[in-house]
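Asker: The sequence shown begins at 1338 in my numbering and counts up one residue at a time.
C-beta atoms are modelled at their ideal positions from N, C-alpha and C, and glycine is treated no differently.
A single structure is presented below for examination.
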Amino acid sequence: MIVRKRSLALAGAFSAALWLRGPLDLSPYSAWLISLPLVLWCGAPFHRGALEGFSRQRANADMLVSLSVLAAFFYTTIVEFAPELLPERLRIPMFGAAAALLMFPLAGRWLERELTEGSGESIWRLMRRIPATARVVEAGRERLVPSEGVAIGAVVRVLAGEPVPLDGEVLEGTSRVDESLWTGSDEPAEKMTGSRVLGGSINKDAPLTVRVSRVREETDLARLVALVGEGFESKGVTEDLADRLARSYVPVVVISAAVAALLWSLHGGSTRLPDAMAAFAFTLAAACPWSLGWAAPAALALGIRRAGRMGMRIRNSAALQTLDRPDVLIVNKTGFLTGSRPRLTDVICFGDWTERSLLPLAICAGCRTGHPYADALRERGSTDGAAVVEEVEVDPGRGASARIGGRRILVGSLSWLRDFGVEPEEGLYSEIQRRPEPMLAAAVDGELAGLFFFSDSLREGVPEQLRRIESLGLEVILASADRNAAVHSAASEAGIKRVYAEVQEEEKVRIVRELQASGKRVAMVGEGVHDAPALSRADLGVALASRFRTGAGTASRPHFDLAAEAADLVLEERDLEGLTRSIQLATKIRSVIRENLMWSFVPTVMLLPIAAGALRPGLDIVFRPEYAMLTAGVSGVAIVVNSLRRLKL
């Protein structure tokens, strides 16, 4: 439920007026008019949630708030406008109580939303990068048409400064295009005739004429947004802790109120009907803890502060509330298990190519990928002797294509080169696959020119840190896009038994989905655009914070990181120790929220017998809103103290 700032401000103003009813000398009619929009409009999110719970036959926290507020409002309406129906001792107005019952949960949920960056909203805004219209060129004339109606094969014109409307191939023009969302590089890619462009990228310099290769719904951007969106929707049906507790609590409260009303109607004497009505209304009004809305925000506020000190950002508070301790942790290999600075150890060249002639071309092709292997190539050699780079296209996680001195250079995985028709000989392919080192292949003008092998050793202390993670009850799984031999070699060295190699984004999503279908709670750590769909699908997605890489391989400025947008937690450091701490902190925050809910409900439950009228016959004690205020104060102090104590701030 999203609480708007305007609704919260109006609720605060209405509540203040009702709490100051005496000093303001408000008449019953004025108080009722102020209460009406407060209950019906400001309380609408809770009423909608309650109706949804009724339709699903599943009680929730919204139902608890809605029932309590409506009971207080309608009972007070009778007190103010038909007091003759009630004995004087039961004429207790509760407009102020109704205001508090709404104000505190509204403020708590607004605060909870403000504390975390949210997860998923900016993902959907990404589709705005694809313009609503495109300049279609027909018979030498341009006309604006809706981009969703542009067919494959159509020719569109993209002016400087405009977003590319759809995926396609450049027919005419030369320009630089910002593809930072996909490549992670702040340096625009050169585009010329024959270059591939992606819908949503930004044309920087000069007009381009593009032949469309995919319709709007099938562009790379639309496909990624859809995959990430499916992951968010899979989390959208989960219950938070308050809803789980309310599922049992609400029926008990309603039954208790009905039983109290029935007993008073049977044994209440001459005023049994007013007594029954009061017992029913008081029980429902007292049932909702005023501090209910603060149980989660109090823990989150302190947890987020502690997370910041530990080098992590909490983005999705809902995941922390719905997730018990994970059963499975999926990790990547390069840059996380292994070092972020691999070394080039071996070069095999074919034909007339030598390391001296091939390496500068490979460095130029990979200069804008920001990949650790590209940095390793740069450390081994230089671009001296290479012609001017005319164009570079990056396929994140797979390879890069460049036009240098009129030649087409491809550098990437063997499977990626196969997409361009580059096939090594069968015997050579088998020999390559047996080598455990990570590898890049290079092709020039469609012919395999060389292979680059790298040392990619595990980070110091990785096996011990993995054992520590496993001691928390998690099974560690390695899933990587690297070659089978390289991935299994790293897994064997790290002591990881379950391995998936040569997997792309859709396959990682499938792995997460299959684990969840088997009843596992899945945590995943990843980075980059291609890990985003699986991170959004996992029960707990942990992204590694990244920055734009320049050609020099240095960090420069923060950028839109799709993986971080899809994740629940973001780690600033790439180490397993930080990952262990993040999982422990997420579990502890959830534990504190559970304890805070207990402190919120227990004093309220103790108040219910008074509300039902149990102390009325002998002691003549009648429920009053002040009693609820007292329990709210006790609960509030207990929640703050418990959060401070458990999160040690």
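Give me, in chain order, the residues of the same chain whose beta-carbon lies closer than 8 Å to that of Glu1509; leave out the 5 immediate sequence neighbours on both sides.
Answerer: Position 172 of the sequence shown holds residue 1509. The residues are Thr1530, Leu1545 and Thr1546.
Asker: Pull up the CB-CB distance for Val1665 and Glu1812, whole angstroms please, since I reckon it's below 8 Å.
Answerer: Locating residue 1665 in the sequence shown gives position 328, where the first residue counts as 1. Locating residue 1812 in the sequence shown gives position 475, where the first residue counts as 1. About 5 Å separates the Cβ atoms of Val1665 and Glu1812, confirming a contact at the 8 Å cut-off.
Asker: Of the choices Pro1962, Asp1689, Lys1670 and Thr1413, whose alpha-carbon is the least far from that of Ala1822?
Answerer: Along the sequence shown, one-based indexing puts residue 1822 at 485. Ala1822 has its Cα closest to that of Lys1670, out of Pro1962, Asp1689, Lys1670 and Thr1413.
Asker: Check this for me: beta carbons of Leu1404 and Leu1621, under 8 Å apart or not?
Answerer: By one-based count along the sequence shown, residue 1404 stands at place 67. By one-based count along the sequence shown, residue 1621 stands at place 284. Contact: yes.
Asker: Just to confirm my understanding: we take Leu1695, look at its own chain, exclude 5 residues before and 5 after, and list those with CB closer than 7 Å. What are they?
Answerer: One-based indexing of the sequence shown puts residue 1695 at position 358. Only residues of its own chain outside the window of five on either side were considered, and among them Cys1686, Ala1779, Ala1786 and Gly1787 have a CB closer than 7 Å to the CB of Leu1695, listed in chain order.
Asker: Count the other CB atoms, across all protein chains shown, that sit within 10 Å of the CB of His1987; report buried if there are 16 or more and exposed otherwise.
Answerer: The chain is shown only over 1338 to 1986; residue 1987 falls outside these bounds and no answer can be derived.
Asker: So, are the CB atoms of Thr1470 and Asp1504 less than 8 Å apart?
Answerer: Numbered from 1 along the sequence shown, position 133 holds the residue referred to as residue 1470. Numbered from 1 along the sequence shown, position 167 holds the residue referred to as residue 1504. In this structure, the beta-carbon distance from Thr1470 to Asp1504 does not fall below 8 Å.
Asker: Run through DSSP, which three-state label would Gly1863 get?
Answerer: Taking the sequence shown and counting its residues from 1, one reaches residue 1863 at position 526. Strand, per DSSP.
Asker: So what's Ser1512 in DSSP terms, helix, strand or just coil?
Answerer: Taking the first residue of the sequence shown as 1, we reach residue 1512 at position 175. In this structure, Ser1512 counts as strand in the three-state DSSP scheme.
Asker: Looking at C-beta atoms only, is the number of pairs between the stretch 1630-1650 and the stretch 1902-1919 that lie closer than 8 Å three or more?
Answerer: yes
Asker: For Pro1502 and Pro1525, which I take to be in contact (beta-carbon distance under 8 Å), what is that distance rounded to the nearest angstrom?
Answerer: Residue mapping note: residue 1502 aligns to position 165 of the sequence shown, counting from 1. Residue mapping note: residue 1525 aligns to position 188 of the sequence shown, counting from 1. That pair is no contact at about 18 Å.
Asker: Going by DSSP in three states, Asp1957 sits in which element: helix, strand or coil?
Answerer: The residue you call residue 1957 lines up with position 620 of the sequence shown. In the structure shown, Asp1957 sits in coil (DSSP, three-state: anything other than H, G, I, E or B).
Asker: Starting from Asn1540, follow its DSSP beta bridges and name the residues at the other end.
Answerer: Counted from its first residue, the sequence shown places residue 1540 at position 203. Its beta-bridge partners are Val1514.
Asker: Between which two residues does the alpha helix (DSSP H) harbouring Arg1581 extend?
Answerer: Along the sequence shown, one-based indexing puts residue 1581 at 244. Element bounds for Arg1581: Leu1578 to His1604.
Asker: On the CB-based measure, 16 or more other CB atoms within 10 Å of its CB, does Gly1783 come out buried or exposed?
Answerer: By one-based count along the sequence shown, residue 1783 stands at place 446. Classification of Gly1783: exposed, given that the 10 Å Cβ count is below 16.
Asker: For the beta strand (DSSP E) that contains Glu1527, what are its first and last residues?
Answerer: Against the sequence shown, residue 1527 aligns to sequence position 190. Run containing Glu1527: Ala1526 to Lys1528, per the beta strand (DSSP E) assignment.
Asker: Keeping to the same chain, check which residues put their C-beta closer than 7 Å to that of Arg1480; ignore five residues upstream and five downstream.
Answerer: In the sequence shown, residue 1480 corresponds to position 143, counting from 1. Here the set comprises Val1473.
Asker: Looking at C-alpha atoms only, which residue of Ala1408, Val1731 and Gly1688 is the closest neighbour of Cys1701?
Answerer: Taking the sequence shown and counting its residues from 1, one reaches residue 1701 at position 364. Cα-wise, what sits closest to Cys1701 is Val1731.
Asker: Quick one: Cα of Pro1954 to Cα of Gln1921, how far?
Answerer: As a working note, residue 1954 is residue 617 in the sequence shown. As a working note, residue 1921 is residue 584 in the sequence shown. Rounded to whole angstroms, the gap between the alpha carbons of Pro1954 and Gln1921 is 51 Å.
Asker: Determine the contact status of Pro1709 and Pro1733, defining contact as a CB-CB distance below 8 Å.
Answerer: Within the sequence shown, numbered from 1, the residue matching residue 1709 stands at position 372. Within the sequence shown, numbered from 1, the residue matching residue 1733 stands at position 396. No, they are not a contact pair.
Asker: Using alpha carbons as the reference points, say which of Ala1408, Pro1634 and Gln1853 lies closest to Gly1433.
Answerer: Taking the sequence shown and counting its residues from 1, the one referred to as residue 1433 is at position 96. Answer by Cα proximity: Ala1408.
Asker: Reducing DSSP to helix, strand and coil, say where Leu1345 ends up.
Answerer: For the purposes of this step, residue 1345 is taken as the residue at position 8 of the sequence shown. Looking at Leu1345 - three-state DSSP - the assignment turns out to be helix.
Asker: So, for Glu1932: in the same chain, excluding its five sequence neighbours on each side, which residues have a beta-carbon less than 8 Å away from its beta-carbon?
Answerer: As a working note, residue 1932 is residue 595 in the sequence shown. Excluding positions up to five away in sequence, the list reads Asn1979 and Arg1983.
Asker: Between Ala1711 and Gly1718, is the Cβ-Cβ spacing less than 8 Å?
Answerer: For this step, residue 1711 is matched to residue 374 along the sequence shown. For this step, residue 1718 is matched to residue 381 along the sequence shown. No, they are not a contact pair.
Asker: In three-state DSSP terms, what is Ser1972?
Answerer: Looking up residue 1972 in the sequence shown gives position 635. In the structure shown, the three-state DSSP call for Ser1972 is helix.
Asker: Which first and last residues belong to the alpha helix (DSSP H) in which Glu1417 is found?
Answerer: To locate residue 1417, count along the sequence shown from 1; it is residue 80. Counting along the chain, the alpha helix (DSSP H) containing Glu1417 begins and ends at Ala1398 to Phe1418.
Asker: Could you give the DSSP three-state label for Thr1691: helix, strand or coil?
Answerer: Here the question's residue 1691 lines up with position 354 in the sequence shown. Reduced to three states, the DSSP call for Thr1691 is coil.
Asker: Using a C-beta cutoff of 8 Å, does Pro1761 count as contacting chain B?
Answerer: The structure shown contains no chain B; it is built from a single protein chain.
Asker: Taking 7 Å as the cut-off, does the CB of Arg1494 come closer than this to any heavy atom belonging to the ligand ZN?
Answerer: Of the ligands one can find in the structure shown there are none, so the ligand ZN has no counterpart to examine.
Asker: Could you compute how far the alpha carbon of His1305 sits from the alpha carbon of Ala1900?
Answerer: Beyond the ends of the chain as shown, which are 1338 and 1986, falls residue 1305; an answer cannot be given.
Asker: Using the Cα positions of Arg1911 and Ala1975, report the straight-line distance between them to the nearest angstrom.
Answerer: As a position in the sequence shown, residue 1911 is number 574, starting the count at 1. As a position in the sequence shown, residue 1975 is number 638, starting the count at 1. Between Arg1911 and Ala1975, the C-alpha separation is close to 37 Å.
Asker: Alpha carbon to alpha carbon, what distance is there between Val1862 and Val1668?
Answerer: For this step, residue 1668 is matched to residue 331 along the sequence shown. For this step, residue 1862 is matched to residue 525 along the sequence shown. So the alpha carbons of these two residues sit roughly 5 Å apart.
Asker: Answer with buried or exposed for Phe1418, where buried requires no fewer than 16 other C-beta atoms within 10 angstroms of its C-beta.
Answerer: Residue mapping note: residue 1418 aligns to position 81 of the sequence shown, counting from 1. Counting Cβ neighbours within 10 Å, Phe1418 comes out exposed, since fewer than 16 surround it.
Asker: For Ala1739 versus Val1725, is the C-beta distance shorter than 8 Å?
Answerer: Taking the sequence shown and counting its residues from 1, the one referred to as residue 1739 is at position 402. Taking the sequence shown and counting its residues from 1, the one referred to as residue 1725 is at position 388. Contact: no.
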